[in-house]
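In UniProt numbering, the protein residues as written are 1 to 449. C-beta atoms are modelled at their ideal positions from N, C-alpha and C, and glycine is treated no differently.
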């Protein structure tokens with residue numbers, strides 16, 4: 001018994017050979033039917049034809065029935081958008097789930113909402129940093145307004161100012177600031193470590209190598225750290241006695257990796273202490289980690305997350321909120337919005353706790369991502385370190401299309417950052433969230449990283 005399935009796509013073509021006595025019709029992926037075969041044609045779709053040849057008529061009916069059933073199944077799935085039940089769909093669903101939990105699936109449509117928020121925190125910070133970079137470290141708001149006016153730009157849209165005007169460095173438009181560049185070794189470290197996670201010694205070596213080869217403006221803390229490591233110092237001895245914003249900018253990456261895990265706060269502290277040994281920097285970074293983690297896990301606003309942390313309603317209620325952490329959060333909430341001078345009151349520079357308080361103030365009150373980033377740009381001073389934090393918080397609140405596509409396109413390293421962010425987003429503690437919009441804290445405690 002022989003069953004032949006032959007098909008061709010597209011219309012038949014005429015092949016005329018002057019040396020032959022007749023013309024032959026030629027079809028792609030098909031041959032002429034054999035003598036004695038029963039011919040059945042399914043040509044209901046334009047431009048596509050299927051031919052079945054069989055020695056037995058009942059076999060034709062069986063094959064046709066199977067094909068029609070499969071076509072009906074495909075149509076149902078296409079219309080409903082949901083996989084059918086059964087072993088095949090179960091296997092596909094399981095595979096997709098494993099890919100998402102492993103950080104392989106990068107599209108927003110397939111990532112869980114919680115994972116989208118974790119990824120958005122990373123992208124939101126980097127894009128905001130690049131948008132702010134041209135007007136970085138200008139401690140005069142009137143000067144910023146003059147620059148925008150000279151470029152015939154509105155103060156309502158100061159992002160990606162076309163002529164980098166920072167008085168301390170000149171980078172091409174779309175580049176990251178020294179703060180953004182400083183995060184590259186941590187981004188790479190968390191990616192390369194995989195399931196092993198953050199390791200202080202390895203990160204210290206990797207960041208030292210990065211800072212040594214860096215050709216841009218090296219900030220004070222990385223410079224002190226590099227000098228110490230080149231002098232043979234390690235661990236706490238290599239960390240700079242400093243309390244600036246270099247610790248808090250690391251938080252979005254660590255939250256994306258450890259949100260929902262009991263390891264989050266210890267890893268944040270460890271990462272900060274690689275470069276800084278000041279307690280104030282560690283306390284500020286832990287306070288921010290509590291808030292950002294709450295936003296990522298629950299989808300609340302920054303203001304609601306701060307209130308939850310202050311009332312011990314966050315996931316780390318068992319770990320007492322330090323006095324320094326509490327003071328930072330309470331002060332940020334107490335400020336009135338909008339007040340253009342509030343950043344100046346908290347402190348224009350990268351010094352803590354003012355740098356974090358100003359960032360939390362904007363993120364807690366800004367109506368959306370772009371408004372918050374723009375407000376901080378116009379406030380002047382060290383607006384890049386602020387906007388890494390502000391961008392992370394506001395992007396995580398609403399990860400779907402909150403970062404303008406135009407901004408993403410203008411951020412030079414955004415493609416690489418997004419690819420690495422997908423790899424960092426392997427936090428298995430978030431797998432217990434399933435496809436829910438928020439995580440169950442009790443479930444997270446039972447499934448630590």
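### Message
Which of the three DSSP states is assigned to residue 216 in this structure?
### Response
Taking the first residue of the chain shown as 1, we reach residue 216 at position 216. Residue state, collapsed to three classes: coil.
### Message
Give the list of continuous beta strand (DSSP E) stretches no shorter than 3 residues that lie fully inside the stretch 321-388.
### Response
For the stretch 321-388, not a single whole beta strand (DSSP E) run of length 3 or above is found.
### Message
Let's see if you can read the secondary structure: which residues bound the alpha helix (DSSP H) around residue 408?
### Response
Along the chain shown, one-based indexing puts residue 408 at 408. 405-410 is the span of the alpha helix (DSSP H), which, as asked, contains residue 408.
### Message
Once DSSP output is grouped into helix, strand and coil, what is the label at residue 165?
### Response
Translated into the one-based positions of the chain shown, residue 165 becomes position 165. DSSP places residue 165 in coil when its eight states are reduced to three.
### Query
Relative to the C-alpha of residue 250, which residue among 163, 409, 207 is closest?
Taking the first residue of the chain shown as position 1, residue 250 is located at position 250. Ranking the options by Cα distance to residue 250, first place goes to 207.
### Message
Short of 6 Å in beta carbon distance, which residues of its chain neighbour residue 242, apart from the five on each side in sequence? Order them along the chain.
### Response
For the purposes of this step, residue 242 is taken as the residue at position 242 of the chain shown. By the criterion of a C-beta distance shorter than 6 Å, residue 242 is surrounded in its chain by 221, 276, 278, once the five residues flanking it on both sides are discounted.
#### Entry: Span of the alpha helix (DSSP H) around residue 236
Translated into the one-based positions of the chain shown, residue 236 becomes position 236. Neither: residue 236 is in no alpha helix (DSSP H) and is coded neither H nor E.
### Task
Note down, in chain order, each residue of its chain lying with its Cβ closer than 7 Å to the Cβ of residue 155, except the 5 sequence neighbours on either side.
As a first step, residue 155 must be located in the chain shown, where it is residue number 155. Result list for residue 155: 145, 148, 378, in chain order.
### Coil, strand or helix - residue 276 by DSSP
As a first step, residue 276 must be located in the chain shown, where it is residue number 276. It is a strand residue.
### Task
Answer with buried or exposed for residue 235, where buried requires no fewer than 16 other C-beta atoms within 10 angstroms of its C-beta.
Locating residue 235 in the chain shown gives position 235, counting from the first residue. Residue 235 counts as exposed, since fewer than 16 other C-beta atoms from the protein chains shown sit within 10 angstroms of its C-beta.
### Query
Would the beta-carbon of residue 370 fall within 9 Å of that of residue 399?
Start at 1 with the first residue of the chain shown, and residue 370 comes out as number 370. Start at 1 with the first residue of the chain shown, and residue 399 comes out as number 399. Their beta carbons are not under 9 Å apart, which means residue 370 does not touch residue 399 by this criterion.
### Message
Along the chain, where does the alpha helix (DSSP H) containing residue 308 start, and where does it finish?
### Response
Locating residue 308 in the chain shown gives position 308, where the first residue counts as 1. 302-310 is the span of the alpha helix (DSSP H), which, as asked, contains residue 308.
### Message
I need the straight-line Cα distance from residue 254 to residue 202, nearest angstrom please.
### Response
Within the chain shown, residue 254 is the residue found at index 254, counting from 1. Within the chain shown, residue 202 is the residue found at index 202, counting from 1. Cα to Cα, residue 254 sits roughly 16 Å from residue 202.
### Query
Is DSSP giving residue 152 helix, strand or coil here?
What you label residue 152 is simply residue 152 of the chain shown in a count that begins at 1. Coil, per DSSP.
### Burial state of residue 375 (16 or more Cβ within 10 Å)
Taking the chain shown and counting its residues from 1, the one referred to as residue 375 is at position 375. Around the beta carbon of residue 375, a 10 Å sphere encloses 16 or more other beta carbons of the protein chains shown; the residue is thus reported as buried.
### Query
Taking residue 196 as the reference, which of 257, 130, 301 has the closest Cα?
The residue labelled residue 196 in the question sits at position 196 within the chain shown. Comparing C-alpha distances from residue 196 to each of 257, 130, 301 shows the shortest one belongs to 257.
#### Entry: residue 138 - partner residues in DSSP beta bridges
Counting from 1 along the chain shown, the entry for residue 138 is found at position 138. 381, per the DSSP bridge assignment.
### Task
Can you tell me which of the three DSSP states residue 244 falls into?
Reading the chain shown from its first residue, position 244 is the one you call residue 244. Here residue 244 sits in strand by DSSP.
### Query
Is the beta carbon of residue 329 sitting closer than 9 Å to the one on residue 306?
Taking the first residue of the chain shown as position 1, residue 329 is located at position 329. Taking the first residue of the chain shown as position 1, residue 306 is located at position 306. Contact flag set, yes.
### Query
Taking the alpha-carbon positions, what's the residue 412 to residue 198 distance?
The sequence position of residue 412 within the chain shown is 412, counting from 1. The sequence position of residue 198 within the chain shown is 198, counting from 1. Rounded to whole angstroms, the gap between the alpha carbons of residue 412 and residue 198 is 26 Å.
### Message
Tell me the rounded alpha-carbon separation between residue 209 and residue 182.
### Response
By one-based count along the chain shown, residue 209 stands at place 209. By one-based count along the chain shown, residue 182 stands at place 182. Going by C-alpha positions, residue 209 is about 12 Å away from residue 182.
### Message
Nearest by alpha-carbon distance to residue 159: which of 327, 394, 173, 424 is it?
### Response
If you number the chain shown from 1, residue 159 lands on position 159. Out of 327, 394, 173, 424, 173 has the C-alpha closest to the C-alpha of residue 159.
### Query
Between residue 169 and residue 125, is the Cβ-Cβ spacing less than 9 Å?
Along the chain shown, one-based indexing puts residue 169 at 169. Along the chain shown, one-based indexing puts residue 125 at 125. Taking 9 Å as the cut-off, the Cβ atoms of residue 169 and residue 125 do not count as close.
### Query
What did DSSP end up calling residue 179 once you bin it into helix, strand or coil?
Here the question's residue 179 lines up with position 179 in the chain shown. Residue 179: helix per DSSP, three-state reduction.
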